[in-house]
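When we follow our numbering, the leftmost residue of the sequence shown carries the number 947, and every step to the right adds one. Here is the structure we will look at, set down as C-alpha coordinates.
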Amino acid sequence: TIIFVLLSAGNLLGVVGVILGIPSYAILKVLVSHIFLLFKRRYNKYYADDAGPYEMPKEEYSKD
947 TIIFVLLSAG NLLGVVGVIL GIPSYAILKV LVSHIFLLFK RRYNKYYADD AGPYEMPKEE
1007 YSKD
(Lines of atoms letter the chains of each structure in order from A and count residues from 1; the text may use other names and numbers.)
(Lines give C-alpha, C1' and ligand atoms only; values in the text may rest on other atoms or scores of the structure.)
Protein backbone atom coordinates (compact mmCIF):
# COMPACT_ATOMS: atom_id res chain seq x y z
CA THR A 1 0.00 0.00 0.00
CA ILE A 2 2.93 2.34 0.60
CA ILE A 3 4.04 2.13 -3.02
CA PHE A 4 0.49 2.74 -4.20
CA VAL A 5 0.18 5.79 -1.92
CA LEU A 6 3.51 7.18 -3.11
CA LEU A 7 2.66 6.68 -6.78
CA SER A 8 -0.85 8.09 -6.59
CA ALA A 9 0.05 11.07 -4.37
CA GLY A 10 3.08 11.78 -6.53
CA ASN A 11 0.95 11.66 -9.64
CA LEU A 12 -1.65 14.01 -8.17
CA LEU A 13 0.52 16.53 -6.31
CA GLY A 14 4.09 15.91 -7.47
CA VAL A 15 6.94 16.10 -4.97
CA VAL A 16 4.70 17.59 -2.28
CA GLY A 17 2.37 14.61 -2.69
CA VAL A 18 5.24 12.18 -2.25
CA ILE A 19 6.38 13.99 0.90
CA LEU A 20 2.91 14.38 2.44
CA GLY A 21 1.36 11.17 1.11
CA ILE A 22 2.59 8.77 3.79
CA PRO A 23 1.70 10.94 6.83
CA SER A 24 -1.72 11.69 5.33
CA TYR A 25 -2.31 7.99 4.70
CA ALA A 26 -1.26 7.10 8.25
CA ILE A 27 -3.61 9.67 9.80
CA LEU A 28 -6.47 8.57 7.56
CA LYS A 29 -5.85 4.90 8.34
CA VAL A 30 -5.88 5.50 12.11
CA LEU A 31 -9.08 7.56 11.92
CA VAL A 32 -10.87 4.98 9.79
CA SER A 33 -9.72 2.17 12.09
CA HIS A 34 -11.03 3.96 15.18
CA ILE A 35 -14.33 4.85 13.52
CA PHE A 36 -14.78 1.26 12.37
CA LEU A 37 -14.00 -0.01 15.88
CA LEU A 38 -16.60 2.36 17.33
CA PHE A 39 -19.09 1.17 14.73
CA LYS A 40 -18.46 -2.47 15.62
CA ARG A 41 -18.81 -1.77 19.33
CA ARG A 42 -21.97 0.25 18.79
CA TYR A 43 -23.87 -2.32 16.78
CA ASN A 44 -22.33 -5.36 18.50
CA LYS A 45 -22.70 -7.68 15.50
CA TYR A 46 -19.06 -8.64 15.38
CA TYR A 47 -18.23 -8.87 19.09
CA ALA A 48 -19.96 -11.94 20.45
CA ASP A 49 -18.04 -11.89 23.73
CA ASP A 50 -18.66 -8.19 24.41
CA ALA A 51 -22.21 -7.75 25.69
CA GLY A 52 -22.51 -4.03 25.01
CA PRO A 53 -24.87 -1.50 26.61
CA TYR A 54 -28.09 -2.99 25.16
CA GLU A 55 -28.97 -5.69 27.68
CA MET A 56 -32.66 -5.78 28.54
CA PRO A 57 -33.69 -5.74 32.20
CA LYS A 58 -35.25 -8.98 33.45
CA GLU A 59 -38.66 -7.49 34.18
CA GLU A 60 -39.18 -6.46 30.54
CA TYR A 61 -39.01 -9.95 29.11
CA SER A 62 -40.33 -12.06 31.99
CA LYS A 63 -43.57 -14.01 31.48
CA ASP A 64 -45.31 -12.68 34.60
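Beta carbons: idealized from backbone N, C-alpha and C, even for Gly. Bear in mind the structure is a predicted one, so any value in this text is a computation, not a measurement.
**Asked** Roughly how many whole angstroms lie between the Cα atoms of residue 965 and residue 954?
**Response** Taking the sequence shown and counting its residues from 1, one reaches residue 965 at position 19. Taking the sequence shown and counting its residues from 1, one reaches residue 954 at position 8. Roughly 12 Å between the two C-alpha positions.
**Asked** Just to confirm, are residue 951 and residue 973 a CB contact at a threshold of 8 Å?
**Response** Locating residue 951 in the sequence shown gives position 5, counting from the first residue. Locating residue 973 in the sequence shown gives position 27, counting from the first residue. Not a contact, by the Cβ cut-off of 8 Å.
**Message:** Tell me which residue opens and which closes the alpha helix (DSSP H) that residue 963 is part of.
**Reply:** Along the sequence shown, one-based indexing puts residue 963 at 17. Residue 963 -> alpha helix (DSSP H) spans 961–989.
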